[in-house]
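Colleague: Here it is, the structure in full.
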Amino acid sequence: MDFSRNINRLSCYATRQGTGVLTVTGQVGCRAEEVARIAAARLGFHLVTEARLEAAIAEEFAPAIPDKAYRDVLTSVLARLAVERHIVVCADGVESLTAHFPGALRVLIMAPERVRVGQILLEQRCERADAAGQLKEREARRQQLRRRRFGRSAAPLETFDLVLNAESLDAEQMAATIARAAELRGFPEPALLSAEAEAQLQFQLRLRLARHGITPTGAPSLRQKMFAHPSEEIFANLLDYYRIPWEYEPRSFPIEWDAQGRVTLAFTPDFYLPEVDLYVELTTMKQSLVTKKNRKVKRLRELYPGIQIQVFYQKDFENLVFKYGLAERLTPA
Amino acid sequence: MPHEALPPGIERVLFTEEQIAVRIREVGGEINERFAGRPFLKLIGVLKGSVFFLTELSRHIRIPVKIDFLAISSFSSKPGAPGLVRIAKDLDDPIHDEDVLLVEDIVDTGFTLRYLLRTLAGRGPNSLAVCTFLDRTSKRIVQAPVDFRCFEIPDRFVIGYGLDHHQLYRNLPYVAVLKPDSPRS
Numbered sequence: 001m002d003f004s005r006n007i008n009r010l011s012c013y014a015t016r017q018g019t020g021v022l023t024v025t026g027q028v029g030c031r032a033e034e035v036a037r038i039a040a041a042r043l044g045f046h047l048v049t050e051a052r053l054e055a056a057i058a059e060e061f062a063p064a065i066p067d068k069a070y071r072d073v074l075t076s077v078l079a080r081l082a083v084e085r086h087i088v089v090c091a092d093g094v095e096s097l098t099a100h101f102p103g104a105l106r107v108l109i110m111a112p113e114r115v116r117v118g119q120i121l122l123e124q125r126c127e128r129a130d131a132a133g134q135l136k137e138r139e140a141r142r143q144q145l146r147r148r149r150f151g152r153s154a155a156p157l158e159t160f161d162l163v164l165n166a167e168s169l170d171a172e173q174m175a176a177t178i179a180r181a182a183e184l185r186g187f188p189e190p191a192l193l194s195a196e197a198e199a200q201l202q203f204q205l206r207l208r209l210a211r212h213g214i215t216p217t218g219a220p221s222l223r224q225k226m227f228a229h230p231s232e233e234i235f236a237n238l239l240d241y242y243r244i245p246w247e248y249e250p251r252s253f254p255i256e257w258d259a260q261g262r263v264t265l266a267f268t269p270d271f272y273l274p275e276v277d278l279y280v281e282l283t284t285m286k287q288s289l290v291t292k293k294n295r296k297v298k299r300l301r302e303l304y305p306g307i308q309i310q311v312f313y314q315k316d317f318e319n320l321v322f323k324y325g326l327a328e329r330l331t332p333a
Numbered sequence: 334m335p336h337e338a339l340p341p342g343i344e345r346v347l348f349t350e351e352q353i354a355v356r357i358r359e360v361g362g363e364i365n366e367r368f369a370g371r372p373f374l375k376l377i378g379v380l381k382g383s384v385f386f387l388t389e390l391s392r393h394i395r396i397p398v399k400i401d402f403l404a405i406s407s408f409s410s411k412p413g414a415p416g417l418v419r420i421a422k423d424l425d426d427p428i429h430d431e432d433v434l435l436v437e438d439i440v441d442t443g444f445t446l447r448y449l450l451r452t453l454a455g456r457g458p459n460s461l462a463v464c465t466f467l468d469r470t471s472k473r474i475v476q477a478p479v480d481f482r483c484f485e486i487p488d489r490f491v492i493g494y495g496l497d498h499h500q501l502y503r504n505l506p507y508v509a510v511l512k513p514d515s516p517r518s
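Residue numbers (the working numbering), protein chains in the order written: chain U, 1 to 333; chain Y, 334 to 518.
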C-alpha cells in the first residue's frame with residue numbers, strides 16, 4: 001500500500017476545508033508556552049501543551065513510545081484533537097507535522113542567548129555563568145531528542161510562517177501578533193478537521209504504527225467540562241490572569257475498592273497546575289460536607305504519597321479572591 | 334500595645350515596631366553577606382506595599398544600592414478589567430548585568446512574584462533574588478523562590494507597614510491582623 005499517496009490524498013481533501021491548527025515552537029528559554037496560552041485565549045482556541053500531548057499519547061497509546069513511531073503517534077493524537085476544536089499546539093517538533101493539517105499557521109519564538117539565559121537563571125536560582133552552561137545542555141538534549149523523533153535537530157526557518165523575537169516583544173505582544181496573523185490568515189474561518197479526513201488519516205497512521213506493535217487503547221478528547229461551581233470559574237480566571245497553566249479535573253484517583261477490586265469511590269481534584277505539578281481542590285461548601293471531603297483528601301494523600309494537593313476552604317478562598325479584588329462574596333453551595 | 338489604642342477594625346498587633354526594626358536589621362545583614370564584594374545592588378520595590386519595607390531595609394545594606402520601582406495591574410473579575418496581568422509602571426532603568434534584589438511586602442500564592450521574576454529574568458540581570466517582608470507559605474500555590482524573609486505569617490489578613498485594606502492602614506508602624514468581620518467589599 002502506498003501510504004504517502006494516501007496521506008497526500010488526505011491532505012488535498014483537507015486543503016479544500018482548511019484546519020484551525022496553529023503551532024507555536026520556541027527556542028529553549030523563550031517561554032513559548034506562555035505565549036501560546038495567551039494567543040489561544042485571544043483566539044478562543046484550545047491550548048494543547050507538550051504535557052497535554054504526552055498525557056493524550058499515554059491515554060490513547062502507551063506511556064512510552066519508540067522514537068521512530070513518535071511522529072505518527074503525535075500526528076494521530078493531533079488529528080483526533082483537531083476534529084473537536086481549533087487548537088494552538090505548543091510542543092517541540094510539532095511544526096513538522098503540519099503537512100497533514102493544511103492551512104496551519106506555524107510560529108517560531110526566538111531570542112538572543114542573553115535573554116534565554118535569564119530564564120534559566122530564574123528557574124535554577126543560579127548566576128549567569130551556570131545558567132549559560134545549563135542552557136547549552138538543554139539545547140543539546142532537545143536537539144538529540146528531535147533528531148531521534150523527527151529526523152533533524154532543528155526545523156529550517158522557512159518552515160515557519162511567523163518568527164518572533166522575545167527580546168523586543170513581551171509575551172502579550174507576541175500573542176497579539178500571532179492572533180493578528182491568524183486573523184489575516186482567515187482564522188477562525190477554517191473548518192475543523194472533518195471526521196472523514198481524520199478517519200482516513202487515522203487509518204493510515206495506525207497501519208504504520210502496527211509495525212511498531214503500537215495499538216490505541218483509548219481516544220483523547222478536548223471536550224470542555226462546565227465548571228461545577230462559580231468559585232472554580234473564578235479560580236480559573238485568576239490563574240489565567242497570572243498566566244498560570246491549568247487543567248480542570250484532568251484525573252480521578254480511585255480511593256476505595258470492593259472485594260472484587262472494583263473502584264467504589266474516586267476523588268477528582270478540581271484543578272491541576274502542570275507547571276508546578278500541584279492539584280488544587282476548592283471546598284467552598286457547607287462545613288457538614290467539608291468533613292467528608294477532608295477524608296477523601298486524607299485518603300488520597302495516603303494512597304498517592306507522590307501527589308501534591310492544596311485544599312482551599314471557604315474562608316481561604318474568600319481571602320484569596322478578596323486579596324485579588326473580587327467584590328462579591330461567594331455563596332456557599 | 335494595649336488593645337484600646339488600636340484603630341477600629343484591627344484585631345491585634347502581630348509584629349510590633351520594635352520587632353520589625355530588629356528583624357529588618359538582621360535581614361539586612363544577611364543581604365550584606367550574600368552580596369559582599371559586588372559593585373552595587375539594585376533594589377526593585379513592588380508598588381505600593383513594599384515602599385516602607387524597602388526604605389528601612391536599604392538603610393541596613395552596606396554595599397552601594399540603586400533603587401527602582403515597578404507596579405503591576407490588579408486582578409478583578411469586574412467587566413472591562415484587564416484580562417491578563419501586566420506591568421502598570423515599569424522600571425526607569427535597565428537591569429542588564431546587574432545584581433537585582435526584588436523587594437516585596439508579602440508573598441502568599443506566589444502568582445505575582447512568579448510573573449515579576451519571569452519578566453525581570455528576561456532582561457539579562459547578573460543575578461535575581463527575592464526579599465519579602467512577610468511570607469505566607471501556607472497558601473503558596475506556585476512555588477516562588479524567596480531568598481530573604483523577615484517574618485512568616487499565619488493565614489490571616491494583615492495590614493500595616495505598607496500593607497493596606499482599601500488603600501488604608503499602610504502607614505501603621507506595626508503589622509496587625511484585620512478583624513474577620515471587617516467589611517471586605
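C-beta: ideal position from N, C-alpha, C; glycine also.
Please report the straight-line C-alpha distance between Leu496(Y) and Leu303(U), rounded to a whole angstrom.
Modeller: Stepping through the second sequence from its first residue, residue 496(Y) is reached at position 163. Stepping through the first sequence from its first residue, residue 303(U) is reached at position 303. Near 41 Å, if we compare the C-alpha coordinates of Leu303(U) and Leu496(Y).
Colleague: Grab the span of the alpha helix (DSSP H) containing Lys136(U) for me, first residue to last.
Modeller: Sequence index remark: in the first sequence, residue 136(U) carries index 136 (1-based). Looking at the DSSP string, the run of the alpha helix (DSSP H) that includes Lys136(U) is Arg128 to Phe150.
Colleague: Quick check on Ser76(U): does DSSP put it in helix, strand or coil?
Modeller: Numbered from its first residue, the first sequence carries residue 76(U) at position 76. Ser76(U) falls in the helix class under three-state DSSP.
Colleague: Under 9 Å between the Cβ atoms of Val150(U) and Leu43(U)?
Modeller: Counting from 1 along the first sequence, the entry for residue 150(U) is found at position 150. Counting from 1 along the first sequence, the entry for residue 43(U) is found at position 43. First, the amino acid is wrong: residue 150(U) is Phe here, not Val. No, the Cβ-Cβ distance between Phe150(U) and Leu43(U) is not below 9 Å.
Colleague: Against chain B, which members of the region 236 to 265 of chain U pass a CB distance test of less than 7 Å?
Modeller: This model lacks chain B altogether, as its protein chains are U and Y.
Colleague: Please classify Thr291(U) as buried or exposed, where buried requires at least 16 other C-beta atoms within 10 Å of its C-beta.
Modeller: In the first sequence, residue 291(U) corresponds to position 291, counting from 1. Answer is exposed; the Cβ neighbour count stays below 16.
Colleague: Closer than 8 Å by beta-carbon distance: list the chain Y residues that pair up with Asp316(U), in chain order.
Modeller: In the first sequence, counting from the first residue as 1, residue 316(U) sits at position 316. Correct list: Lys472 and Asp488.
Colleague: If you draw a straight line from the C-alpha of Glu127(U) to the C-alpha of Glu366(Y), how long is it?
Modeller: The residue you call residue 127(U) lines up with position 127 of the first sequence. The residue you call residue 366(Y) lines up with position 33 of the second sequence. When rounded, the distance between both Cα atoms is 16 Å.
Colleague: Can you grab the Cα-Cα spacing for the pair Ile65(U) / Leu446(Y), in whole Å?
Modeller: Working through the first sequence from its first residue, we reach residue 65(U) at position 65. Working through the second sequence from its first residue, we reach residue 446(Y) at position 113. Ile65(U) and Leu446(Y): Cα-Cα distance of roughly 37 Å.
Colleague: Could you please tell me which residues of the region 36 to 54 of chain U, in chain order, have their CB closer than 7 Å to any CB of chain Y?
Modeller: If the cut-off is 7 Å between Cβ atoms, the region 36 to 54 of chain U has Ile38 near chain Y.
Colleague: How about Tyr502(Y): is its C-beta nearer than 9 Å to some C-beta of chain U?
Modeller: Sequence index remark: in the second sequence, residue 502(Y) carries index 169 (1-based). By this cut-off, Tyr502(Y) is not an interface position.
Colleague: Between the C-alpha atoms of Leu505(Y) and Phe385(Y), what's the straight-line distance to the nearest angstrom?
Modeller: Counted from its first residue, the second sequence places residue 505(Y) at position 172. Counted from its first residue, the second sequence places residue 385(Y) at position 52. Cα to Cα, Leu505(Y) sits roughly 10 Å from Phe385(Y).
Colleague: Out of Leu449(Y), Ile343(Y) and Arg392(Y), point me to the one whose CA is closest to Ser406(Y)'s CA.
Modeller: Position 73 of the second sequence, counted from the first residue, corresponds to residue 406(Y). The shortest Cα separation from Ser406(Y) among Leu449(Y), Ile343(Y) and Arg392(Y) belongs to Leu449(Y).
Colleague: When we look at the beta-carbon of Gly261(U) and count the other beta-carbons within 10 Å, is it buried (16 or more) or exposed?
Modeller: Here residue 261(U) refers to the residue found at position 261 of the first sequence. Burial call: exposed.
Colleague: Quick check: what's the CA-CA separation for Glu137(U) versus Gly457(Y)?
Modeller: In the first sequence, counting from the first residue as 1, residue 137(U) sits at position 137. In the second sequence, counting from the first residue as 1, residue 457(Y) sits at position 124. Going from the Cα of Glu137(U) to the Cα of Gly457(Y) covers about 19 Å.
Colleague: What are the partner residues of Met110(U), as DSSP defines its beta bridges?
Modeller: In the first sequence, residue 110(U) corresponds to position 110, counting from 1. Beta-bridge pairing links Met110(U) to Asn165(U).
Colleague: Would you tell me roughly how many angstroms separate the C-alpha atoms of Ser221(U) and Asp161(U), rounded to the nearest one?
Modeller: The residue labelled residue 221(U) in the question sits at position 221 within the first sequence. The residue labelled residue 161(U) in the question sits at position 161 within the first sequence. Residue confidence is low: Ser221(U) scores 48 on pLDDT, short of 50, so the model does not pin down where it sits. Its coordinate-derived value is still stated next. Taking the straight line joining both Cα atoms gives about 28 Å.
Colleague: Would you kindly report the start and end of the unbroken beta strand (DSSP E) that includes Ser231(U)?
Modeller: Numbered from 1 along the first sequence, position 231 holds the residue referred to as residue 231(U). Not the beta strand (DSSP E): Ser231(U) falls in the alpha helix (DSSP H), residues Pro230 to Tyr241.
Colleague: Say whether chain U places a C-beta atom closer than 9 Å to the C-beta of Lys512(Y).
Modeller: Within the second sequence, the letter at position 179 stands for residue 512(Y). By this cut-off, Lys512(Y) is not an interface position.
Colleague: Can you find a C-beta in chain U that's less than 9 Å from the C-beta of Gln352(Y)?
Modeller: By 1-based counting over the second sequence, the position of residue 352(Y) is 19. Output row for Gln352(Y): interface = no.
Colleague: Going by the DSSP bridge assignment, what does Gly493(Y) pair with across the sheet?
Modeller: On the second sequence, position 160 is the one that residue 493(Y) refers to. Partner(s): Leu496(Y).
Colleague: Is the Cβ-Cβ distance between Leu135(U) and Val163(U) less than 9 Å?
Modeller: As a first step, residue 135(U) is located in the first sequence; it is residue number 135 there, counting from the start. As a first step, residue 163(U) is located in the first sequence; it is residue number 163 there, counting from the start. Cβ atoms of Leu135(U) and Val163(U): not closer than 9 Å.
Colleague: Tell me whether His46(U) sits in a helix, a strand or coil according to DSSP, three-state version.
Modeller: Locating residue 46(U) in the first sequence gives position 46, where the first residue counts as 1. In the structure shown, His46(U) sits in a strand (DSSP, three-state: E or B).
Colleague: Using a beta-carbon distance cut-off of less than 8 Å, what residues from the region 125 to 139 of chain U approach chain Y?
Modeller: Going along the region 125 to 139 of chain U in chain order, one finds Arg125, Glu127 and Arg128 with a Cβ nearer than 8 Å to chain Y.
Colleague: Within 9 Å (strictly less), CB to CB, does Leu121(U) reach chain Y?
Modeller: Walking along the first sequence from the start, residue 121(U) turns up at place 121. Closer than 9 Å to some Cβ of chain Y, the Cβ of Leu121(U) qualifies, so yes.
Colleague: Quick check: Gln143(U) and Ala155(U), are their CB atoms within less than 9 Å of each other?
Modeller: For the purposes of this step, residue 143(U) is taken as the residue at position 143 of the first sequence. For the purposes of this step, residue 155(U) is taken as the residue at position 155 of the first sequence. Cβ distance not < 9 Å, so Gln143(U) and Ala155(U) don't count as in contact.
Colleague: Can you find a C-beta in chain U that's less than 9 Å from the C-beta of Phe484(Y)?
Modeller: Translated into positions along the second sequence, residue 484(Y) becomes position 151. With 9 Å as the cut-off, Phe484(Y) does not count as an interface residue toward chain U.
Colleague: What does the alpha-carbon distance come out to for the pair Thr388(Y) and Gly342(Y)?
Modeller: Taking the second sequence and counting its residues from 1, one reaches residue 388(Y) at position 55. Taking the second sequence and counting its residues from 1, one reaches residue 342(Y) at position 9. Those two C-alpha atoms are separated by around 27 Å.
Colleague: What in chain U is Cβ-close to Leu496(Y), meaning under 9 Å?
Modeller: For the purposes of this step, residue 496(Y) is identified with residue 163 of the second sequence, where counting begins at 1. Here the premise fails: no neighbours, minimum Cβ distance about 10 Å.
Colleague: Measuring only from the beta carbon, is Val94(U) closer than 8 Å to any heavy atom that is part of the ligand ATP?
Modeller: For the structure depicted, the ligand ATP is absent and the ligand set is empty, with no information on it obtainable.
Colleague: So, is Thr25(U) buried or exposed, given that buried needs 16 or more other C-beta atoms within 10 angstroms?
Modeller: Within the first sequence, numbered from 1, the residue matching residue 25(U) stands at position 25. It counts as buried.
Colleague: Does the contact criterion of 3 or more C-beta pairs under 8 Å hold for the region 50 to 58 of chain U versus the region 108 to 122 of chain U?
Modeller: No: the two stretches stay apart, fewer than three of their Cβ pairs being nearer than 8 Å.
Colleague: Leaving out five residues on either side along the sequence, give the residues of the same chain with a beta carbon under 7 Å from the beta carbon of Val475(Y).
Modeller: As a position in the second sequence, residue 475(Y) is number 142, starting the count at 1. Within the same chain, Val475(Y) has close Cβ partners Thr442, Gly443, Phe444 and Arg447.
Colleague: Taking Cβ to Cβ, would you say Met174(U) is nearer than 9 Å to Val35(U)?
Modeller: By one-based count along the first sequence, residue 174(U) stands at place 174. By one-based count along the first sequence, residue 35(U) stands at place 35. Against a cut-off of 9 Å, the Cβ pair of Val35(U) and Met174(U) comes out as a contact.
Colleague: Helix, strand or coil for Glu519(Y) per DSSP?
Modeller: This structure leaves residue 519(Y) out entirely; chain Y is present only between 334 and 518.
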